[in-house]
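Undergrad:
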Amino acid sequence: MYEIIRNLSTNRGKFLGFVIAASILLIIIGCNEKKLAFDQDTWVEAKDNGSWRPRQKMAQYLIEQQTLIGKDRNEVIQLLGKPEAYENVPSNEMYYTIDLYYGLDIDPARIEYLIFSLDSNNRVSKYVRKTTLDKT
Numbered sequence: 342m343y344e345i346i347r348n349l350s351t352n353r354g355k356f357l358g359f360v361i362a363a364s365i366l367l368i369i370i371g372c373n374e375k376k377l378a379f380d381q382d383t384w385v386e387a388k389d390n391g392s393w394r395p396r397q398k399m400a401q402y403l404i405e406q407q408t409l410i411g412k413d414r415n416e417v418i419q420l421l422g423k424p425e426a427y428e429n430v431p432s433n434e435m436y437y438t439i440d441l442y443y444g445l446d447i448d449p450a451r452i453e454y455l456i457f458s459l460d461s462n463n464r465v466s467k468y469v470r471k472t473t474l475d476k477t
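According to the working numbering, the stretch in the sequence shown is residues 342 to 477, in order.
(1) Tell me whether the region 406 to 418 and the region 384 to 394 touch, counting them as touching only if at least three CB pairs, one residue from each stretch, are closer than 8 Å.
(2) So the candidates are Arg414, Asp475, Lys467, Tyr454; which of them puts its Cα closest to the Cα of Gly444?
(3) Relative to the C-alpha of Tyr437, which residue among Leu455, Tyr427, Phe379 is closest?
(4) Report the rounded CA-to-CA distance for Leu367 versus Arg414, giving the unit in angstroms.
(5) How about the region 455 to 474 and the region 425 to 437: do they share at least three Cβ pairs that are nearer than 8 Å?
(6) Whose C-alpha, out of Thr473, Met399, Gly422, is nearest the C-alpha of Asn429?
(7) Would Lys471 and Glu453 qualify as a contact pair, given that the criterion is a beta-carbon distance under 8 Å?
(8) Roughly how many angstroms lie between the CA atoms of Thr321 and Ala450, to the nearest whole one?
(9) Around the Cβ of Ala378, are there at least 16 other Cβ atoms within 10 angstroms (buried) or fewer (exposed)?
(10) List the whole-angstrom C-beta distance separating Ile410 from Val469, where the pair is believed to meet the contact cut-off of C-beta under 8 Å.
(11) If we count the other Cβ atoms within 10 Å of its Cβ and call it buried at 16 or more, is Ala426 buried or exposed?
(12) Taking the alpha carbon of Asn291 as the reference point, which residue from Pro424, Lys412, Leu441, Asp440 has its own alpha carbon closest?
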């Protein structure tokens, strides 16, 4: 009888420990911000360092705030820097890399952009996040 009570007590302790650990993990995950207020220095440094997480979070912030709608091409470039220069990008679009993941290959496995569409007056009409390559 003593052995049964002892085992029950030990199992309860393990279960309680598991519940506490799981709760802490959920709190940490829940506190992970998906957006970050825009900061020009951080934006530029993120690209220079290949640290894409801040750019992803700031892109989400910019999309939710829609503060760049109506800005002209030069204002966007002044704020975000030069867009990516690709031959196949239409002249009325500007691409900014916000995620570049290589995986195990020398070619990218995933590329995500913040894409700006410009109207006939070269003003931002919309901007979105878009994954153009995903081999993950």
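The C-beta atom is built at its ideal place from N, Cα and C for all residues, glycine as well.
For clarity, every value in this text was computed on a predicted model and none was experimentally measured.
TA: With the given structure in hand:
(1) no
(2) Taking the sequence shown and counting its residues from 1, the one referred to as residue 444 is at position 103. Ranking Arg414, Asp475, Lys467, Tyr454 by Cα distance to Gly444 puts Asp475 first.
(3) The residue given as residue 437 occupies position 96 in the sequence shown. That would be Leu455, whose Cα lies nearest to the Cα of Tyr437.
(4) What you label residue 367 is simply residue 26 of the sequence shown in a count that begins at 1. What you label residue 414 is simply residue 73 of the sequence shown in a count that begins at 1. Residue placement at Leu367 is poorly supported in this model, since its pLDDT is 36, which falls under 50; the coordinates still yield a value, given next. For Leu367 and Arg414, the distance between alpha carbons rounds to 42 Å.
(5) yes
(6) The count along the sequence shown starts at 1 and reaches residue 429 at position 88. When only C-alpha atoms are compared, the closest one is Thr473.
(7) Within the sequence shown, residue 471 is the residue found at index 130, counting from 1. Within the sequence shown, residue 453 is the residue found at index 112, counting from 1. Their beta carbons are under 8 Å apart, which means Lys471 touches Glu453 by this criterion.
(8) Given that the chain is displayed from residue 342 to residue 477, the structure contains no residue 321 and the question cannot be resolved.
(9) Residue mapping note: residue 378 aligns to position 37 of the sequence shown, counting from 1. Label assigned to Ala378: exposed.
(10) To locate residue 410, count along the sequence shown from 1; it is residue 69. To locate residue 469, count along the sequence shown from 1; it is residue 128. Actually they do not touch by this definition, with Cβ atoms about 12 Å apart.
(11) Here residue 426 refers to the residue found at position 85 when the sequence shown is read from its first residue. Looking at its Cβ environment, which holds fewer than 16 other Cβ atoms inside 10 Å, Ala426 is exposed.
(12) In the structure displayed, the chain extends from 342 to 477; residue 291 sits before or after that span and is not available.
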